[in-house]
Amino acid sequence: MGCLSTWTFHLLLLGITGTFSQGTWRSIMGTSWRPNPAVYHNEDNYKWTTWFNVDHPGGKGDYEKLNAIRFYYRARVCEVPRALEARTTEWIPARSTGERVHADPTVGFWCVNDEQPVGRNCSNYAVRFLCPKEIVSDVEEVIWGPWSYWGLCPAQCDQVTIQHRSRSCKSSSKQCNGQTVEARPCQGPPCPRCELHCVMGKVNDECDGCMCQDHTVLGSVRSAGGLPAPGAAILRAGARPKLFAVTDHNGHFQVPGICPDGNTTLMIKLKNHTPHQVTVPLSSERTSVLLLKLERAKKLYVLKNPENKARREGQTAAFCCKVDGTPESNQYEWFHNGTLLDRSQYQYDETLVLRNVSLDHIGEYYCRASNENGAIKSKPATLTVIGQKAPSCNPKPYSHLIRLPHDCFQNETNSFYYDVGRCPTSTCTGKLDLGIRCKDSVSYCCGISNMEEKEITCQGYQLPIMVVTQCGCKTCVDTKAIVRGRAIAADTGEPMRFGHIYMDGARISRTGYKGTFSIQVPTNTERLVLTFVDNMQKFVNTTKVLPFNPRGGAVFYEIKLLRKKPAVIISSRETNKLDLGEVEGQDPIAEIEIPPNAFYKENGEVFMGNVKASVTFLDPRDVSTAAAAQSDLNFIGDEGDTLPLRTYGMFSVDFRDEEGGESLNAGEVKVRLDAAQVKMPEHLKTMKLWSLNPDTGLWEEEGQFHAEKKQRGKREERTFLIGNMEIRERRLFNLDVPENRRCYVKVRAFRSERYMPSEQSEGVVMTLINMEPTPGFSTNPRAWGRFDSVITGPNGACLPAFCDEQKSDAYSAYIMANLGGEELEAVASSPKLNPNTIGVPQPYLNKLNYRRTDHDDPRIKKTAFSINVAKPRSNVAEEANGPVYPFDKLKECEEAPFSAAHFRFSRVEGDRYDYNTVPFNEDDPMSWTEDYLSWWPKPMEYRACYIKV
């Protein structure tokens, strides 16, 4: 083995740093040279060659390589030079030039231009080599290379072992005599001495804690619902946790040797629960008893998403995401257009700061937070970057047509419409303060900066109108979002009177005598999750995720509530089975099996006696129950993405003491799902038990299912999916499967059946109910599987839906629209389909099988339509422009032009004509002006009154 005789040094601002390998060298920095007497014996045996300069610093640098020097001056250089010296042609030593160079006596000297400071190239160097005066008589000393460094000593502390070094033969024609490897003993560092001092007991062998052999800690651990917690880990808390014990099937544990000194801290860890720490109290007894109850772990949840920013080149932008959960997030990652940003470069945590932004920074940014239980992603925020002198907003308004009165026909346009212009609704760059903030202290939006009055010629009069002539960057208008509605029974419409409404566990409002409510959405709310609680115990507690318009305005919802099933009396000492199924004439979807002695009080005590059991099941085989479904059927995946679920039924369970009415929990409960009710074979493997988190409105996994065959009758054998669960915390449970075949459906709402772009309505609640596939496909044709609601914006709404590319009629969906309690009307499908009116061209329209609800019976309401959700094929041009978009084309769906295919709804109530001299969009606050001729035509927000005179 040879040693690499390589020396690289860097000239830094603070001095010179050199790296040497084992051997004898002549420093190219001009220092004195001393030979190794073990190798060379006598300095007089060596001499310096003449100076060589065979290259110039043009091109890539100056290369004084040994092979090139030998090509021109072979007789002047020995075979194995022992050192070299380098100076510039100005006779400056290499160490004094401030340049980075490389030297190796066996290779030569070189300087690379790309390695020098900006704007500087290498100097022109000359080199000389140190060679033997003549061939020495001791052949071995001449042809052996220098010894390498001694290898690292592998000995542990207080141990002795062997370390090695090596050398290589430098002769190309003669064989070297001697050893190539040499060994010597070496000793490891001294072991650290234990400095731990114990107030009580003695130090253990590992020197990581104190030990009291005559003391034992006994304990009992209960889960969040008060049930025994088997399998909980008992560890010593600290930087290096140490496992002491695991709880048994009763949740009990025993740890001998723990000192009751008041300083020893234990940590209890259990899946889906928050780690709990407890200090063993100071005691003189031989036994300490700990009774512990764990809290349910809070899944990571995004409280605050990063906000859109607009900046000029050279400015600074900051994005922040706030995440809640237990344990807290221990890692944040930021992504730009889907690519992970380098943490070492940006030095980010929950805040990402971009300094001196350029056009390369344009795009979407989102964060992903994670802890030991999972991860979650924020919504993306968009960064817009413009040049230093570019206009912040496009000053030219885009076209916006308004309808004129019936006697104002315009010959120039051959229509009753007039272009009054409109400014884009986007963020712009205004004046920034000096601080770096997550949210800009002042928000700026594009708005109207100049208007001109025009005169329109009508029949017998001149009509004044204000036209937008210029747009500019202005301070955004502060808005308020309001959610109003009614909470009523899903079966009879009975109102939930004087019920309580909760948000984040706190009561924020209540319903009135008729079930009505009105809530102003708190500032900075990203996701509005409300829980409706009936004080009279008639209805099931219902959690709803209600979309709202963040730009302000009111949205109306009708909250459908499931009526609680009458309670039945069961004995806690017996095995009890409760059916889950509400469709007459059909077998139950599942059943709940509760073993004997499985009921517990809130304090963990086993309950013995009669139990009042009420089980309310939402059966998806009944389409009318879709409106009463809770939450939005989403969960957070392992990578932090929000993913959809498809339900096979939801159930709410209420167990109470028959005599005292105390709420009870149940452990070791089995859920038996009839596999015959699951028509899609792949769902049998992915079916899981879920529970609803009422604070976040997201579903959390409770457990897996496994298949089990069971004999029913003499001949019939049926397969069941068995899942284990605990019933606690009054949560809603769900039988769901994750679904990955997803699309988006584009829908728009209009003020009238003219379907003009300028007459689109914002704030309309669009709802899509996913139906199970049609007969002949491998699932249940009668059941619904999922629902979604989206609020329309200035460009309509994109509704998520399940879809299939191979079979166009595999999935179907019903779509409906509601504005302030008014059901909007869909476009007719009979007696003849009109693609121009529906908004979808042929032949794609026929493939989607568009049908309004009154298609076969004109007596049915016209307020919904059904379609086959056929995923567009990438190789078919007619299907590439909506109304159905692949799931990865959400942005394309949201930004689709009006000319792209879409479905339509129109208002039918109070279809009146209003004319405003100052045209504006009541849903766009930036179009509001303070002109004295402006008035507000939105009856949902303001009411007209009469004054008697």
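Reading the sequence shown from the start, the letters are residues -21 to -1, 1 to 928 in mature numbering (1 follows the signal peptide of the UniProt record, and there is no 0). The beta carbon of each residue, even a glycine, is placed where N, CA and C say it ideally should be.
Nearest in C-alpha terms to residue 532, of all of 416, 311 and 770, is 770.
Residue 808 is not a Cβ neighbour of residue 781, given a cutoff of 8 Å.
Non-local C-beta neighbours of residue 447 in its own chain, meaning closer than 7 Å and more than five positions away in sequence, comprise 376, 399, 400, 401, 402, 427 and 430, ordered along the chain. Take residue 91, set aside five residues on each side of it, and the residues of its chain with a beta-carbon closer than 6 Å to its own are 40, in chain order.
In the assembly as shown, residue 278 is a buried residue. Its beta-carbon has 16 or more other beta-carbons within 10 Å.
Per DSSP, residue 110 lies in no alpha helix (DSSP H); the unbroken beta strand (DSSP E) holding it starts and ends at 104 to 111.
For residue 590, the pairing in a beta bridge is given by DSSP as 549 and 636.
In the three-state reduction of the DSSP assignment, residue 221 falls in the strand class.
For the pair residue 594 and residue 557, the CB atoms are nearer than the 8 Å cut-off. In the three-state DSSP reduction, residue 817 falls in the helix class (H, G or I). Contact check between the segment 550 to 569 and the segment 605 to 625: fewer than three CB pairs, one atom from each, fall below 8 Å, which does not count as touching.
If you draw a straight line from the Cα of residue 348 to the Cα of residue 419, it is about 23 Å long. DSSP places residue 55 in the helix class (H, G or I) of the three-state scheme.
Relative to residue 796, the option among 883, 581 and 819 whose CA is nearest is 883.
Assigned with DSSP and collapsed to three states, residue 391 falls in coil, not helix or strand. Sequence-distant Cβ neighbours of residue 379 in its own chain, meaning closer than 7 Å and more than five residues away, are 398, 399, 400, 401 and 737. With a beta-carbon spacing of about 6 Å, residue 111 and residue 24 fall inside the 8 Å limit used to define contacts. In this structure, residue 50 keeps its C-beta atom at 8 Å or more from the C-beta atom of residue 107. Within the segment 515 to 540, the beta strand (DSSP E) runs of at least 3 residues that lie entirely inside it are, in chain order, 521 to 524 and 532 to 540. Nearest in C-alpha terms to residue 281, of all of 479, 355, 33 and 201, is 355. By the neighbour-count definition (other C-beta atoms within 10 Å, threshold 16), residue 496 is a buried residue. For the options 201, 233, 188 and 192, the alpha carbon positioned closest to that of residue 221 is the one of 188. Straight-line spacing of the CA atoms in residue 65 and residue 149 works out to 24 Å. In this structure residue 741 is in contact with residue 528, their Cβ atoms being roughly 7 Å apart against a cut-off of 8 Å. The segment 332 to 346 and the segment 598 to 606 do not touch, with fewer than 3 CB-CB distances between them shorter than 8 Å.
When only Cα atoms are considered, residue 775 and residue 851 end up about 20 Å apart. With respect to the C-alpha of residue 465, the residue from 486, 490, 479 and 102 having the closest C-alpha is 490. DSSP, reduced to helix, strand and coil, places residue 384 outside both helices and strands of the structure shown, so it counts as coil. In this structure, residue 634 keeps its C-beta atom at 8 Å or more from the C-beta atom of residue 559. Straight across, the Cα-Cα distance linking residue 137 with residue 129 is about 20 Å. When only Cα atoms are considered, residue 133 and residue 146 end up about 20 Å apart.
In this structure, DSSP gives residue 242 a state outside helix and strand, which the three-state scheme calls coil. One Cα belongs to residue 700, the other to residue 653, and the distance between them is close to 7 Å. In this chain, the alpha helix (DSSP H) harbouring residue 324 covers 322 to 325. Cβ-Cβ distances below 6 Å link residue 685 to 701 in the same chain, with the five nearest sequence neighbours on each side left out; the list follows chain order. A Cβ-Cβ contact shorter than 8 Å links residue 783 with residue 790.
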